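Protein chains: 2
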Amino acid sequence: MRNKLFSRVAAYGRVRLVGTMPDKTKFISQKGTYPKGFLINGVSSGVKANAKKDLMVLFSPTPCNAAAVFTKNAFQAAPVQVSRNVLQGNGGTGIHAVVVNSGCANAVTGEGGIRDAKAIAKATEELTQLHKDSSAKKDNLPSTLLMSTGVIGQRPKLDKIKQGLAITLKDMGSSHQHWMRAAEAICTTDTFPKLLSKQVKMADRVYTVAGASKGAATLLGFFVTDAPIAPDAVQSILRHAITNSFNSISIDGDTSTNDTIAFLANGAAGGSEITSSSAEYEPIRDAITELAQDLAKLVVRDGEGATKFVTVQVRGAKSVQDAAIVASTISNSALVKTAFFGEDANWGRILCAVGYSGATVNPNATSVSFVPADGSETLKLLVNGEPQNIDETRASEILAQEELTVDIDLGSGSFEKTNWTCDFSYDYVRINADYRS
Amino acid sequence: MRNKLFSRVAAYGRVRLVGTMPDKTKFISQKGTYPKGFLINGVSSGVKANAKKDLMVLFSPTPCNAAAVFTKNAFQAAPVQVSRNVLQGNGGTGIHAVVVNSGCANAVTGEGGIRDAKAIAKATEELTQLHKDSSAKKDNLPSTLLMSTGVIGQRPKLDKIKQGLAITLKDMGSSHQHWMRAAEAICTTDTFPKLLSKQVKMADRVYTVAGASKGAATLLGFFVTDAPIAPDAVQSILRHAITNSFNSISIDGDTSTNDTIAFLANGAAGGSEITSSSAEYEPIRDAITELAQDLAKLVVRDGEGATKFVTVQVRGAKSVQDAAIVASTISNSALVKTAFFGEDANWGRILCAVGYSGATVNPNATSVSFVPADGSETLKLLVNGEPQNIDETRASEILAQEELTVDIDLGSGSFEKTNWTCDFSYDYVRINADYRS
């Protein structure tokens, strides 16, 4: 089949090499400051056919308060089911590790897949037992969260993963290089690792947050902090962060069997426990939300074959639901996304997507504009339902840029929603046409 | 902008010429028998930049009972609004003409666009007045249905269209060549005209049905018969035909501002009026439904860049809604469609789409199979949630064929739905990236 695929796909792939894909290496962080008390590493366990890194472990000797959001897909992968049970069983406390493997999704693998996932968690807990704080030694509850990404319907190669875990744990650390190896290990079709960190200065101390993510067909990510956040606050901060980040991006609208984002807080930086009523709550929540948003935007920038980063800004909606459905419908429209790739100011397709989104729309109150990334003047395409005479040269200049904001004013209310999406290029087809082979 | 686009797109386009696009000329009907009492023609009015045909008129001297289904998009194009009003004003009777222009959608053109559409209808009615039956002469109600397709936000060039109408009407006829010219005139990104006809033998006479359609970003079509069908029956037959044809296909899931399908019956073949209680009702309804389904399938076969024709057959659903949402979610999944283009037996993506469709799904009762077009043995991919060991060579053989049926058994009930879709190729991107330019 590979040969067949090669004949169908390779020619285009070669052309693409001389194409207009922007340089994305600029998004790779060159240094970072990472939260206290977390050890991390990523290696190649041999699960991926190539020699690429495919296994990472994040470990905290101190037990963490943790929360995670999981895919709503009816076919929940084994690691999703196991991780959800661990969090429920522990009441969102006592988490020590996050293990992510790439190359095998362990999805639609039945009871065997569940056993495999539990075996990976157990192996991690045995290998890390000695490294846990005395405070944690006595608790024998499961303390590992799992994420997997890769081909569906295949069981993970347990021996290779167990060997890989041992190798990974031998060389754990907290340097930028250690974090980068982990960020690389969770990638599949990603063209660059997505790793970010930042600090939040409080009155008496500094807290640090860091995280990594991968896209696009399957969305995985985690962010961690050394702030001492109470379990309920961990939950509410994660919900707030996700709503404004990973739930506001679109590559192709598909929702995988494995999508998972986890948030861990180990309190290693000290200070009194942060609850939703603490003065530190909002600053730390906003810092984590910003980090999550930046990680989500990197997933869009690295959308399969993406050559454009497009912000879809919907205003004047009658309800928050209307704003959200319009933003996501535009962000998912193949016709809109191919027009962006073609650098075609085809606002009709944007309007068309608004029209079939299902939102309450008043054609005579709807306006659409392009807001250039370079800060130059906004280009009005449609004003209160009236098409404007477009300066195509100007439109071309704006669309030639790597970033663009599409502003849609529904003129029907005061609700708004911003999504981030990318264009739909030949490489989206090439990458996804031969992914499994 | 064209040059810019050229540099982004043309290289791939050239590669595509040596690519694997199947020969679609085999779908062009070489002859046909057409309903009595309909005159038709298609010409180039100069609205399209190139010299391609872009205007057609279908005319019946005898007034027709007629019905139409229109896009649900909130931005209804001027011809949609005008045609709906004509049908409502006439109570679905007294229709003499259908005028379709391609190259300009006359959508999002405000009151001016409405005036333009009415002017095109009025010009048609004046030019055809003398040709109408004496029975029709006295009625001065609007009697023209309009359809437009092309770029959104541009007013139609009235002078060119009026000149075009005169030229078109000078050479009306009922030969296969006349019908083919009309079928060509409604095309935009279509690579071949979609024209079909068939006969229905009744006890005492033969009725003939014929129709044409175009896709894909905008869906237009009409079918006509010389059977004497009552207005209510025209309505119910159209609804039945659409549900089982144009509402069961997917190219990219977008719903345009102009989508319109019309059905006209002029009774020119004689016989007593056919109502829903007539013996002729079901035979004629089924013949028209079959014709509509074949026209809809041609739209899928000619989906922008389509190299595969895929039947998505959902069975065992808990409700008719579940069956429909699963079929349409799979049919619209970019990941599923790119896998078909790659000829990759990536059933995980099909299952994934089932899982996020929103339908009630029992993972352990779900089965997925590929049914080869050549009648050879079915390839089981997933049986009651258990992945099967796939013979990749066999899978490759099946996927290499131009047609394929994906069979999904949800194992949760007795409802089913069949949709038709196509793959997602480089050419989908190329065609839609530079459509407007």
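Those protein sequence lines, which keep their order, are chains Y and E.
Residue numbering for the first sequence follows our numbering, beginning at 668 and increasing consecutively.
Residue numbering for the second sequence follows our numbering, beginning at 668 and increasing consecutively.
Glycine is no exception: its CB is placed at the ideal position from the N, C-alpha and C atoms.
Since the structure is predicted, the reported quantities are computational estimates derived from the model, not experimental observations.
| Item | Value |
| --- | --- |
| Where Leu672 (chain Y) falls: helix, strand or coil (DSSP) | Confidence at Leu672 (chain Y) is low in this model, with a pLDDT of 39, below 50, so its placement is unreliable and the value that follows should be read with caution. Three-state DSSP puts Leu672 (chain Y) in a helix. |
| Chain Y contact for Tyr1093 (chain E) (CB, 8 angstroms cutoff) | yes |
| Top-ranked residue by Cα proximity to Ser943 (chain E), from E:Gln697, E:Ala900, E:Pro895 and E:Asn757 | E:Ala900 |
| Contacts of Ser998 (chain E) in chain Y (Cβ-Cβ under 7 angstroms) | What Ser998 (chain E) touches in chain Y: nothing, since even the nearest Cβ is about 13 angstroms away. |
| Interface flag, Trp1087 (chain E) vs chain Y, CB-CB below 8 angstroms | no |
| CB contact flag (Leu722 (chain E), Asn768 (chain E), <8 angstroms) | yes |
| Min CB distance Glu1053 (chain E) to chain Y below 8 angstroms | yes |
| Minimum Cβ-Cβ distance from Ile1123 (chain E) to chain Y less than 8 angstroms | The requested residue 1123 (chain E) does not occur in the structure, where chain E is confined to residues 668 to 1104. |
| Spatial distance of Thr1088 (chain E) from Asp1011 (chain E) (CA atoms) | 16 angstroms |
| Contact residues within the segment 813-826 of chain Y, judged by C-beta distance below 7 angstroms to chain E | Val818, Ile819 and Gly820 |
| Pair within 8 angstroms by beta-carbon distance, Val1096 (chain E) and Phe1008 (chain Y) | yes |
| Contact list for Ala744 (chain E) against chain Y, beta-carbon separation under 9 angstroms | Here the premise fails: no neighbours, minimum Cβ distance about 10 angstroms. |
| Proximity test, Cβ basis, 8 angstroms: Lys739 (chain Y) and chain E | yes |
| Minimum Cβ-Cβ distance from Tyr948 (chain E) to chain Y less than 8 angstroms | no |
| Below-8 angstroms beta-carbon distance, Trp846 (chain Y) vs any chain E residue | no |
| Cβ neighbours of Thr1005 (chain E) in the same chain (closer than 6 angstroms, five flanking residues each side left out) | Phe1091 |
| Interface partners of Ala963 (chain E) on chain Y, CB under 7 angstroms | What Ala963 (chain E) touches in chain Y: nothing, since even the nearest Cβ is about 19 angstroms away. |
| The segment 1012-1024 of chain E: positions lying closer than 9 angstroms to chain Y by Cβ | Ala1012, Asn1013, Trp1014, Gly1015, Arg1016, Leu1018, Cys1019, Ala1020, Val1021, Gly1022, Tyr1023 and Ser1024 |
| Leu1071 (chain Y) in three-state terms, based on DSSP | strand |
| Length of the line joining the Cα atoms of Thr835 (chain E) and Ala984 (chain E) | 50 angstroms |
| Gly713 (chain Y), DSSP secondary structure in three states | coil |
| 8 angstroms Cβ cut-off: residues of chain E touching Leu886 (chain Y) | In chain order: nothing, as chain E lies at least about 12 angstroms away. |
| Length at least 3, wholly inside the segment 834-873 of chain Y: the beta strand (DSSP E) runs in chain order | 861-868 |
| Contact the segment 1064-1078 of chain Y vs the segment 1063-1076 of chain E: 3+ CB pairs below 8 angstroms | no |
| C-beta neighbour in chain Y for Asp857 (chain E), strict 8 angstroms | no |
| Minimum Cβ-Cβ distance from Asp838 (chain Y) to chain E less than 8 angstroms | no |
| Limits of the unbroken alpha helix (DSSP H) element including Ile762 (chain Y) | No alpha helix (DSSP H) contains Ile762 (chain Y), which is instead part of the beta strand (DSSP E) from Ile762 to Cys771. |
| Distance CB(Arg1016 (chain Y))-CB(Val1003 (chain Y)) smaller than 8 angstroms | yes |
| Supposed contact pair Leu962 (chain E) and Leu887 (chain E) - C-beta distance, whole angstroms, cut 8 angstroms | At roughly 11 angstroms, the Cβ-Cβ gap does not stay under 8 angstroms, so Leu887 (chain E) and Leu962 (chain E) are not in contact. |
| Own chain partners of Lys799 (chain E) with C-beta closer than 7 angstroms, once the 5 adjacent residues on each side are dropped | Pro728 and His763 |
| Partners in chain E for Asp621 (chain Y), counting only beta-carbon separations shorter than 9 angstroms | As shown, chain Y starts at 668 and ends at 1104. That puts residue 621 (chain Y) outside it, with no answer to give. |
| Cβ-based neighbour list, Gly770 (chain E), same chain, cut-off 7 angstroms, excluding 5 preceding and 5 following | Val714, Lys715, Asp721 and Gly817 |
| Residues near Leu905 (chain E) in its chain [Cβ-Cβ closer than 7 angstroms; skip 5 each side] | Ala734, Val736 and Phe930 |
| Residue environment, Ser917 (chain E), which counts as buried when at least 16 other CB atoms sit within 10 Å | buried |
| Selected residue, minimal CA-CA separation from Gly699 (chain E), among E:Arg872, E:Ser939, E:Gly878 and E:Glu971 | E:Gly878 |
| Same chain, Cβ closer than 6 angstroms to Ala634 (chain Y), neighbours up to 5 away in sequence not counted | The structure shown does not extend to residue 634 (chain Y), since chain Y is modelled only from 668 to 1104, so the question has no answer here. |
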